[in-house]
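**Student:**
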Amino acid sequence: MDIKKIILEKLAVSGDKYISGAELARTIEVSRNAVWKAVKSLENDGFSIESVTSKGYRLSENNNKLSEEIIKCFGESERNIIVLDEIDSTNNYAKKLASQGAENGTAVIADRQTAGKGRMGRNFVSPSGCGVYISIITRPKFSMETVSLITSAIAVATANAVENLCDEPVKIQWVNDLYMNNKKICGILTEASMGLEMRSLDYAVIGIGINVRKNNEFDEELKKRAASIEECTGKKIDRNRLCAEILKQAEICLENIENREYIKEYSRRELLTGNRITAMHGNTKIEGFAEGIDKNACLIVRLDNGSVIHLSSGEANKCRISD
Ligand code: BTN
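According to the numbering used here, the sequence shown is numbered sequentially starting from 877.
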């Protein structure tokens, strides 16, 4: 019996209510001394637990340690969740699990990534205690045409999750960056594995990286473009609750992806629409006017010669005034 795990579950479920040492000892059928030792050990692991004489124990609202038990108590009890202190990349770890048969919906979450991956071969800065780095394994049953919508649907799901927690507007910059107050707070990297005949998707790993708390590892260049949710809102965000909310919203979005309803929400939040932009179209740099998002989540761009193209992937940016 893992006493620490059971105590953590009970503390998570009881929320802001204290549970006495005696009650914990009685329900787990161990001595009060064993409970006390387990609580001390949880504190050594990094959990913030308040203990008050004659009341008992509760998780502090300032607890910043990620835990499977706490995330599950926010309504994700049926999901396979793996929480790691440190890993090179949650996407790499999740891909390995998926190739070994991990079930649909399995989530890998890390406190810190030593080699977090961004799009286009870039690095994603992932220091300890500051972010949510999460990879979700999905084994979709939908058509190959729909597979290309996964990242944009998850952008909407993550925007919904962040907004539900902090009540501040979240924008999306095509194709998958989330912004708050004109600063990037989140990036998404989806990696797919095709079936043997390349006609179906075996699995996709959806990696979401969110800057939750201020960190000191951003260089000067990154500080100009990126920030954390707490810096943008001045509000305290519980990382465990955010993980649970992302998992919930991602499941809702993926279940409904084929009706493409989420595209309306994506378009409403999209930042490039209505602006002059530059983008790469294959190997060619293009410039034009972003007219909106089509039903396949492509960016519609009107070029200066009047022709219209629909960009399905890549990266686009607003033109600076001096461009
Ligand atoms: C980007 O902004 O270019 C995409 C960043 C994606 C980062 C996330 S963090 C969790 C997952 N694991 C990784 O190595 N990358 C993704």
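Glycine included, C-beta positions come from ideal geometry on N, C-alpha and C.
#1: Alpha carbon to alpha carbon, what distance is there between Met1156 and Ala974?
#2: In three-state terms, what does DSSP make of Thr982?
#3: Since Asn1193 sits in a beta bridge, which residues does DSSP pair it with?
#4: Between Ser1104 and the ligand BTN, is the CB less than 7 Å from at least one heavy atom?
#5: Along the alpha helix (DSSP H) that carries Asp921, what are the first and last residues, could you check?
#6: Less than 8 Å between the C-beta atoms of Ala970 and Asn956, yes or no?
#7: Which one or two residues does DSSP pair with Ala1166 in a beta bridge?
#8: With distance defined between alpha-carbon atoms, name the residue in Ile1128, Ala1080 and Gly1005 nearest to Asn940.
#9: Under a Cβ-count criterion, where at least 16 other Cβ atoms within 10 Å of its own Cβ denotes burial, should Met877 be classed as buried or exposed?
#10: How should Gly1063 be labelled, buried or exposed, when 16 other C-beta atoms within 10 angstroms of its C-beta is the threshold for buried?
#11: Could you give the DSSP three-state label for Gly951: helix, strand or coil?
#12: What is the rounded straight-line gap between the Cα of Thr929 and the Cα of Asp921?
#13: Note down, in chain order, each residue of its chain lying with its Cβ closer than 8 Å to the Cβ of Val1088, except the 5 sequence neighbours on either side.
#14: Pull up the DSSP beta-bridge partners for Met877, would you.
#15: Which two residues bound the contiguous alpha helix (DSSP H) that contains Gln1125?
#16: Among residues of its own chain, excluding the 5 on either side of Cys1195, which ones have a beta-carbon nearer than 8 Å to its beta-carbon?
#17: Who are the near neighbours of Ser1002 in its chain, counting only those whose CB is closer than 7 Å to its CB and skipping five residues on each side?
#18: Spell out the partners DSSP gives Leu1147 in its beta bridges.
#19: Report yes or no: do the segment 1041 to 1058 and the segment 1131 to 1147 share at least 3 C-beta pairs separated by less than 8 Å?
#20: Less than 7 Å between the CB of Phe1094 and some heavy atom of the ligand BTN, yes or no?
#21: Does at least one heavy atom of the ligand BTN sit under 7 Å from the Cβ of Gln1125?
#22: Using C-beta distances below 7 Å, list every residue in its chain close to Ala1120, excluding the 5 sequence neighbours before and after it, in chain order.
#23: Taking all protein chains shown into account, do 16 or more other C-beta atoms lie within 10 angstroms of the C-beta of Leu1179, making it buried, or fewer, making it exposed?
#24: Going straight from the alpha carbon of Ala983 to that of Thr1022, what length do you get?
#25: Taking only three categories from DSSP, how would you classify Tyr933?
#26: One question on the structure: do Ala1192 and Ala1126 come within less than 8 Å of each other, judged by their Cβ atoms?
#27: When the distance is taken between beta carbons, is Arg1136 closer than 8 Å to Lys1171?
#28: Contact check, Thr1014 vs Ala1080 under 8 Å by CB: the rounded distance?
#29: Near Val1038, what residues of its chain come up, given a Cβ to Cβ distance below 6 Å and the 5 sequence neighbours on each side ignored?
#30: Just curious, the alpha helix (DSSP H) that Gly1028 is in, first and last residue?
#31: Going by Cα to Cα distance, which pick from Ala1173, Glu1131 and Ala1166 is closest to Asn980?
#32: If you run the structure through DSSP and keep just helix, strand and coil, what is Glu1107?
**Tutor:** Looking at the coordinates:
#1: Each residue's Cα considered, the two are about 32 Å apart.
#2: Coil, per DSSP.
#3: Looking at the DSSP assignment, Asn1193 forms a beta bridge with Thr1154.
#4: Because no heavy atom of the ligand BTN lies under 7 Å away, the Cβ of Ser1104 does not count as near it: no.
#5: Unbroken alpha helix (DSSP H) run through Asp921: Arg908 to Asp921.
#6: With a cutoff of 8 Å on beta-carbon distance, Ala970 and Asn956 are scored as not near each other.
#7: Ala1166 is bridged to Val1177.
#8: The option with the nearest alpha carbon to Asn940 is Gly1005.
#9: With fewer than 16 other Cβ atoms within 10 Å, it is exposed.
#10: Its Cβ being crowded by 16 or more others within 10 Å, Gly1063 is buried.
#11: It is helical.
#12: C-alpha of Thr929 to C-alpha of Asp921: approximately 22 Å in a straight line.
#13: The beta carbon of Val1088 sits closer than 8 Å to those of Cys1006, Gly1007, Val1008, Ser1104, Ile1105, Glu1106, Ile1113, Arg1115 and Leu1118, all from its chain and outside the five residues before and after it, given in chain order.
#14: As computed with DSSP, Met877 is found in no beta bridge at all.
#15: Unbroken alpha helix (DSSP H) run through Gln1125: Arg1115 to Glu1131.
#16: Taken in chain order, the residues that qualify are Asn1151, Arg1152, Ile1153, Thr1154 and Glu1163.
#17: Counting only residues of its own chain and dropping the five nearest sequence neighbours on each side, Ser1002 has a CB closer than 7 Å to the CB of Arg988, Gln989, Gly992, Tyr1009 and Gly1085.
#18: According to DSSP, Leu1147 shares a beta bridge with no other residue.
#19: Counting Cβ pairs under 8 Å, three or more are found: they touch.
#20: Not one heavy atom of the ligand BTN sits closer than 7 Å to the Cβ of Phe1094.
#21: Gln1125 Cβ: outside cutoff for every heavy atom of the ligand BTN.
#22: Contacts found: Ile947, Phe950, Gly951 and Glu952.
#23: With fewer than 16 Cβ atoms within 10 Å of its Cβ, Leu1179 is classed as exposed.
#24: Straight across, the Cα-Cα distance linking Ala983 with Thr1022 is about 21 Å.
#25: Collapsing the DSSP output to three states places Tyr933 in a strand.
#26: No, they are not a contact pair.
#27: In contact: Lys1171 and Arg1136 (Cβ atoms closer than 8 Å).
#28: Confirmed, Cβ separation roughly 5 Å.
#29: Hits under 6 Å: Val1046.
#30: For clarity, residue 1028 is Ser in the given sequence; the question names Gly instead. Its alpha helix (DSSP H) spans residues Ile1026 to Cys1042.
#31: The candidate whose alpha carbon is nearest that of Asn980 is Glu1131.
#32: Glu1107 carries a helical assignment under DSSP once its states are collapsed to helix, strand and coil.
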